[in-house]
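In our numbering, each number is its position in the sequence shown, counted from 1, plus 883.
Where a beta carbon is used, it is the ideal one built from N, C-alpha and C, also for glycine.
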Amino acid sequence: MHEKTSEPAVASVAQRHRPPTVGELAEGVRRGDRSMLGRAITLIESTSARHENDAQELLQKLMPFTGKARRLGITGVPGVGKSTFIDTLGMHLIAGGHRVAVLAIDPTSSRSGGSILGDKTRMGRLGSEPGAFIRPSPSGGTLGGVARRTRETMLLCEAAGFDVIVVETVGVGQSETALRGMVDYFLLLLLAGAGDDLQGIKRGIMEMADAVIINKADGDNRLKAEMARGEQAMSLHYMAPATPGWTPPVTLASGLTGEGIQECWAEVERFYRELEPAGGIATRRTEQARQWFEDLIREELVTRFRRHPVVQQQRAILEEAVARQGLTPIRAVRALFEAHEAALAEALKSAPDRAEAGSTSSHPSSI
Ligand SMILES: Nc1nc2c(ncn2[C@@H]2O[C@H](COP(=O)(O)OP(=O)(O)OP(=O)(O)O)[C@@H](O)[C@H]2O)c(=O)[nH]1
Ligand SMILES: [Mg+2]
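Take a look at the structure:
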């Protein structure tokens, strides 16, 4: 008797203290449980190699439930009003019955104050909506790493039933190129009268945009914004469109007053309406997945190569030879690869199963 009553209590205590299994996480995400989604993202973001298998198993389980969201990217220089814009757009979408997830790519972790705090305060309204989910990117890490986790986080959010994913990034470096590679529709926010150079907006970023929005078109800024619209439309006119068959609209908006936000969303809807039937979105996503695969191969190759003990040892010697003994870098690189290949061949001979020495899985505790 006594044992029977105490057993469930023990089990529930144990359950409370152990982390959820991959299966439980997958189930929780599918239910749209935001706290389970948060934990799932934390697992994906973990840089510890021992979490990697679980993270990938979780993703694999959830893959069939991904792909149904509208994927939007928003970029623009710091302070252009991205977060405020997303807050207002998000509220508009929630009112229309959508579920919105907002993510951020921020490889510039050293920015004082960090955009994490800023985004918390500037997406205040959206942040307290049950139909919304806001997740800043982890600070630090390489752009490739941050972008990879953002991409995987996006998939988790889709599996959790969010039907609009908005990713924000600061348009000052390479992060907007990474973002372009993971969204369907790419929005560039500009300020009127700041001058293209001042805004740090390069022609390359303009060329990636599916829509250009002159933001903060309120109060005294309105007239200037009208003029800027004409100028931007003119410069876009001479560029190849980012999406074949789609002419990027240039519109005015204010995240503060909400003016132009509805029109902006109407353009997004028109984009899908026009492109989806002809397979334009599917083609873009297939190409993005191919590119992602390609990027991961490159990343994995570099990581494995650099981590190999023979490479590490030989590299130091060869570096010295290049610096002090006039060895040409090309010959040094060849010597390094030959040493690596010889080590792999040797390992294969002595233990065929462990020929992958230096790989993530065979050295789980090495990072
Ligand atoms: N007048 C006006 N001010 C705005 C508007 N949108 C944002 N602001 C102000 O501009 C400042 C920056 O806004 P954010 O939304 O944080 O800009 P952001 O582009 O997300 O900034 P970072 O994340 O730091 O790159 C804040 O002081 C906002 O109150 C707008 O539509 N009109
Ligand atoms: Mg912001």
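task: Provide the residue span of the alpha helix (DSSP H) that contains Y828, from first to last.
output: What is shown of the chain runs 884 to 1250, which leaves residue 828 out entirely.
- request: Check whether the Cβ of V1095 lies closer than 7 Å to any heavy atom of ligand 1, and answer yes or no.
  value: no
- prompt: Taking just the CA atoms, how far does A1161 sit from I924?
  reply: 34 Å
message: Tell me whether D1178, by its Cβ, gets closer than 7 Å to a heavy atom of ligand 1.
response: no
message: Residues in the same chain with beta-carbon distance under 8 Å from L908, minus the five sequence neighbours each way, listed in chain order, please.
response: M919, R922, A923, L926 and L941
message: Going by the DSSP bridge assignment, what does Y1068 pair with across the sheet?
response: L955
query: On the three-pair Cβ rule with 8 Å, is the segment 1139-1153 touching the segment 1108-1125?
result: no
Burial state of K1099, where buried means 16 or more other Cβ atoms lie within 10 Å: buried
field: Residue(s) in a DSSP beta bridge with T1134
entry: I1096
- prompt: When every heavy atom of ligand 2 is checked, does at least one fall within less than 7 Å of the C-beta of S1058?
  reply: no
query: Does any heavy atom of ligand 1 sit closer than 7 Å to the C-beta of N1098?
result: yes
field: Cβ shell of P961 (< 6 Å), same chain only, five flanking positions each side left out
entry: V1053
message: On the DSSP bridge list, what partners appear for R917?
response: DSSP, once it has assigned bridges, lists no residue as partnering R917.
query: Between L1038 and the rest of its own chain, which residues show a CB-CB distance below 6 Å, the 5 nearest in sequence each way excluded?
result: T949
field: Separation of E1183 from S1244, as counted between CA atoms
entry: In this predicted model, S1244 has a pLDDT of only 43, less than 50, meaning its place in the structure is not dependable; the value taken from the coordinates is given anyway. Near 12 Å, if we compare the C-alpha coordinates of E1183 and S1244.
message: Is the separation between the beta-carbon of R954 and that of F1016 shorter than 8 Å?
response: no
field: Given G964 as reference, the closest of Q1115, L1070, F1188 and R982 once Cα atoms are compared
entry: L1070
task: Examine ligand 1 and report whether any of its heavy atoms sits within less than 7 Å of the Cβ of G1028.
output: no
One or two residues paired with R1018 in a DSSP bridge: L986
- prompt: So R1112 and L1139 are in contact, right, with Cβ under 8 Å, and what is the actual spacing, rounded?
  reply: In fact, because the Cβ distance is near 18 Å, the residues do not count as touching under 8 Å.
- prompt: Should A938 go down as buried or exposed, given a rule of 16 or more other Cβ atoms within 10 Å for buried?
  reply: buried
- prompt: Hey, G1014 and V983 are a contact pair by Cβ (cut 8 Å); roughly how many whole angstroms apart?
  reply: 7 Å
Given 8 Å, three or more beta-carbon pairs between the segment 1205-1213 and the segment 1171-1179: no
- prompt: In or out: Q1057 buried (at least 16 other Cβ within 10 Å) or exposed?
  reply: exposed
query: Taking the alpha helix (DSSP H) that E1170 falls in, what are its first and last residues?
result: G1163 to R1190
- prompt: For ligand 2, is there a heavy atom less than 7 Å away from the beta-carbon of K965?
  reply: yes
- prompt: Which of the three DSSP states, helix, strand or coil, is assigned to L1139?
  reply: coil
- prompt: So is the beta-carbon of V1053 under 7 Å away from any non-hydrogen atom of ligand 3?
  reply: The ligand content of the structure shown is limited to ligand 1 and ligand 2, which means ligand 3 is not among them.
- prompt: For A1165, which of L1009, I1048, M1065 and E1035 has the nearest alpha-carbon?
  reply: M1065
message: For a test of the three-state rule: what should DSSP assign to L941, helix, strand or coil?
response: helix
message: I'd like to know whether the C-beta of N1098 is nearer than 8 Å to at least one C-beta of chain D.
response: In the structure shown, chain D does not exist; there is a single protein chain.
- prompt: Do L1227 and ligand 1 come close, with the Cβ less than 7 Å from some heavy atom?
  reply: no
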